[in-house]
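These notes are about the structure you will find just below.
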Amino acid sequence: MPVTYKVDKFEGPLDLLLQLIEREELDITEVSLTKVADQFVAYVRKQQDKILPEELADFLVIAARLVYMKSRMLLPEFLDQELEEGPDLATQLRLYQQFVHASHEINRMWNRSHVSFPRERKPVRSLTAAFAPPPGVTVDILREVMQIVIDRLAPVAKIPEAALKRVITIQDKIRELGDRLRKHAKLTFANFMGRVRDKSEAVVSFLALLELVKQRVVTVEQKDMFEDIEIAAHDLDRLADLQPEFV
Amino acid sequence: MATPSLESKIEAVLFAGARPFTVKRLAELCEVSLKDVEEALDGLEKQLENTAVMIQRAGNEVQFVTRPEHAKLVQQVVRDEIMGELSRPSLEALTILAYRGPLTRPEIEQIRGVHSSIILRNLMMRGLVEEKEDSRLGQPIYSVTFDFIRHLGLKGVDGLPDYDELRGNQNVEDVLKDLDPEPLTKAENAEATKRMTV
Amino acid sequence: MATPSLESKIEAVLFAGARPFTVKRLAELCEVSLKDVEEALDGLEKQLENTAVMIQRAGNEVQFVTRPEHAKLVQQVVRDEIMGELSRPSLEALTILAYRGPLTRPEIEQIRGVHSSIILRNLMMRGLVEEKEDSRLGQPIYSVTFDFIRHLGLKGVDGLPDYDELRGNQNVEDVLKDLDPEPLTKAENAEATKRMTV
């Protein structure tokens, strides 16, 4: 079933999500979020090239939370602590929506140029009595300040590079999971997730796992409710030519 | 000649200084308490009611500005340095800071759901956002500037539509509470990077 | 909103303009007759009676000034700005100009990441920074004054500690390069993204 989703240019994952919900004229609830989950994921997949690399991780986090919410509805016992933490996505999105609406009003105020002005400040030189050196400023202080200015620039100058490195691709995760299954044959979900360092890595791991399940590379089994989920290799040979589709 | 009133002194300072003054500095200059200054500012505000000038506040700073209804006329005699349209991300960040500031960068990002360091830097370069002297959890905190507020023709951020509602919003508290107070250390970051790029 | 009165209009112009205006110019700006302006000025004078501000006339020019009884206070305000310690942002701008100058304002702002026009003005007022004769890309360029260099006990800026190293710093070069009018195109950006995420 070919689907085309038309959304305006979007600024970030919450913006995209909000546009999808508002286009469907839905209120922001858990249920409406799961309704647009597939569209969101499809959109991110299709638009991956246009999303700035430093923002891709942010999109993945939201994608994972949506997919997680959806799978929780199907498999209520499928619980991940990392993804359960924090305010729910609906609350976050409602808040974002309020600020977006307020920003439209601010934009109107900005553009009507109903501006206040302070007094113009006197032309510089008319006030220059004489050279007024700053007390306590020495060459060593200048050196120190210059070093601080330079150090502060480091992150700015390197942002694109660092952000690119921050993006953990699903493919990497799939490869990692595959490697570990080759070595151990079996693995538990907690065990797999236990190695992640932050939330974005957790969600990407989760997405990678779902992908492998969907493509029947691995099987997952849960013997009892509340028990950990076991991941087992099903057809690891397929891993080589797997084209991850995100979900 | 009678001793000038405190209102009158503060008026002279704000008028001649032609820049924002903190309430504290005004108190020092006039040799009175902070409370005296606050009261005098209220009195001054009343005196100015039917004039072309008003007191504008941003945080604990005050300055004199013309009332917005004179914008067209005044624009002909002074230069406005901060013109131009605002992009969507700029607007979002400014709105969040105006209603909910001062905030740290992670706090802004938590609300916007997207990286905001570049947009903050751009806004600071345009003079619409400033880094405050103090910090929170080791992070610098940001707020909107006088220039931004006066460009909207407001006396202060509390003149924004639905200010109390948006500022006091419980959702904001919940969303911000979720912020991890401990970002990855440098070493951890380097380690994570290494693993990711192999 | 009622139309502002002529008094109020003239008040706005004199306040914000902060310089002498001829009666003729005021009449043009407010689109009224000379006589109307004269009458409005008389009215304004009465309104200002109990404030710290008055209208000063010289020939056919008028301007707002503070009343003489506030002279001492106003001097203190001006001295504040000219003497005394440099604020942190001012010190940074001064340092950047010392090590990496001469630079245009956009270049300084690119390095500091903060709007700097008022700071530059203050530094010039104190005789620490000067505008050079030439310009770059239509922007005036600034450098530290010889007075300041001599005050530091140096013969030239190259006597600053670690001058060559700090002046040629790569971080600084990188952000200055970003000022170039040609950032990455969308297509290039997309290309970069693709390479990283496949």
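Residue numbers (my numbering), protein chains in the order written: chain L, 1 to 247; chain P, 248 to 445; chain Z, 446 to 643. Glycine included, C-beta positions come from ideal geometry on N, C-alpha and C.
Proximity below 9 Å, CB of residue i to CB of residue j
i	j	result
Ala263 (chain P)	Thr511 (chain Z)	yes
Glu11 (chain L)	Pro336 (chain P)	yes
His515 (chain Z)	Ala259 (chain P)	yes
Val309 (chain P)	Val279 (chain P)	no
Phe192 (chain L)	Ile231 (chain L)	yes
Val352 (chain P)	Val419 (chain P)	Going by the sequence as given, residue 352 (chain P) is Arg instead of Val. Not closer than 9 Å, so no.
Gly572 (chain Z)	Asp592 (chain Z)	yes
His114 (chain L)	Leu333 (chain P)	no
Lys454 (chain Z)	Leu479 (chain Z)	no
Leu599 (chain Z)	Val139 (chain L)	yes
Leu624 (chain Z)	Glu552 (chain Z)	yes
Leu26 (chain L)	Val36 (chain L)	yes
Val213 (chain L)	Ala233 (chain L)	no
Val44 (chain L)	Ala63 (chain L)	yes
Thr319 (chain L)	Leu66 (chain L)	Nothing can be reported for residue 319 (chain L), as the shown portion of chain L is limited to 1 through 247.
Met570 (chain Z)	Ile527 (chain Z)	yes
Residues that residue i contacts on chain Z, provided the C-beta gap is smaller than 8 Å
i	result
Thr269 (chain P)	By Cβ distance, chain Z contributes nothing, its closest Cβ being about 12 Å from Thr269 (chain P), past 8 Å.
Lys256 (chain P)	Ala497, His515 and Leu518
Residue i, buried or exposed, once every other Cβ within 10 Å from all chains shown has been counted against 16
i	result
Gln323 (chain P)	exposed
Gln98 (chain L)	buried
Gly331 (chain P)	exposed
Ala163 (chain L)	Legend: pLDDT at Ala163 (chain L) = 47, less than 50; position of this residue unreliable, no value from coordinates given.
Asn297 (chain P)	exposed
Gln19 (chain L)	buried
Glu221 (chain L)	exposed
Asn567 (chain Z)	buried
Ser562 (chain Z)	exposed
Arg119 (chain L)	buried
Arg397 (chain P)	buried
Pro408 (chain P)	exposed
Pro13 (chain L)	buried
Val146 (chain L)	For clarity, residue 146 (chain L) is Met in the given sequence; the question names Val instead. The residue in question, Met146 (chain L), is buried, as its Cβ has 16 or more Cβ neighbours within 10 Å.
Gln698 (chain Z)	Residue 698 (chain Z) is absent from the model: chain Z starts at 446 and stops at 643.
Coil, strand or helix - residue i by DSSP
i	result
Lys402 (chain P)	coil
Glu24 (chain L)	coil
Asp235 (chain L)	coil
Gln501 (chain Z)	strand
Phe509 (chain Z)	strand
Thr351 (chain P)	strand
Ser450 (chain Z)	coil
Thr188 (chain L)	strand
Gly12 (chain L)	coil
Val419 (chain P)	helix
Phe593 (chain Z)	helix
Arg175 (chain L)	helix
Ile159 (chain L)	Below a pLDDT of 50, predicted positions are generally treated as unreliable, and Ile159 (chain L), at 49, falls in that range; the measurement from the model is reported next regardless. Three-state DSSP puts Ile159 (chain L) in a helix.
Pro387 (chain P)	strand
Asp607 (chain Z)	coil
Leu624 (chain Z)	coil
Glu332 (chain P)	coil
Phe466 (chain Z)	strand
Asp289 (chain P)	helix
Val324 (chain P)	coil
Supposed contact pair residue j and residue i - C-beta distance, whole angstroms, cut 8 Å
i	j	result
Arg304 (chain P)	Gly403 (chain P)	4 Å
Leu367 (chain P)	Ala340 (chain P)	7 Å
Glu459 (chain Z)	Phe509 (chain Z)	Checking the displayed sequence, the identity of residue 459 (chain Z) turns out to be Leu instead of Glu. Sure, about 5 Å apart at Cβ, within 8 Å.
Phe117 (chain L)	Val361 (chain P)	Not really, about 34 Å apart at Cβ, beyond 8 Å.
Neighbour list for residue i in chain Z, Cβ cutoff strictly below 9 Å
i	result
Gln323 (chain P)	Val458 and Leu474
Thr351 (chain P)	Ordered by position in chain Z, no residue passes the 9 Å Cβ test against Thr351 (chain P), which lies about 16 Å from the chain.
Arg121 (chain L)	Ala463, Ile563 and Arg566
Proximal chain L residues relative to residue i, where beta-carbon distance stays under 8 Å
i	result
Asp409 (chain P)	Ala102
Ile556 (chain Z)	Val149 and Leu153
Arg397 (chain P)	Val115, Ser116, Phe117 and Pro118
Per-residue contacts from residue i into chain L (C-beta, under 7 Å)
i	result
Ile343 (chain P)	Phe99
Pro387 (chain P)	Those do not exist, as Pro387 (chain P) stays about 10 Å from chain L at its closest Cβ, beyond 7 Å.
Arg335 (chain P)	Glu11
Proximal residues of chain L, C-beta to C-beta of residue i below 9 Å
i	result
Glu530 (chain Z)	Pro134, Pro135, Gly136 and Val137
Contact list for residue i against chain P, beta-carbon separation under 8 Å
i	result
Met193 (chain L)	Here the premise fails: no neighbours, minimum Cβ distance about 15 Å.
Ile51 (chain L)	Within chain P, no residue comes near Ile51 (chain L); the closest Cβ sits about 10 Å away, beyond 8 Å.
Tyr319 (chain L)	Residue 319 (chain L) is absent from the structure shown; chain L starts at 1 and stops at 247.
Where residue i meets chain Z, residues with beta-carbon distance less than 7 Å
i	result
Leu142 (chain L)	Thr540, Ala543 and Leu605
Gly374 (chain P)	His560
Proximal residues of chain P, C-beta to C-beta of residue i below 7 Å
i	result
Asp58 (chain L)	Gly360, Val361 and His362
Under 9 Å by beta carbon: chain P residues contacting residue i
i	result
Pro449 (chain Z)	Ala299, Arg314, Glu316, His317 and Leu320
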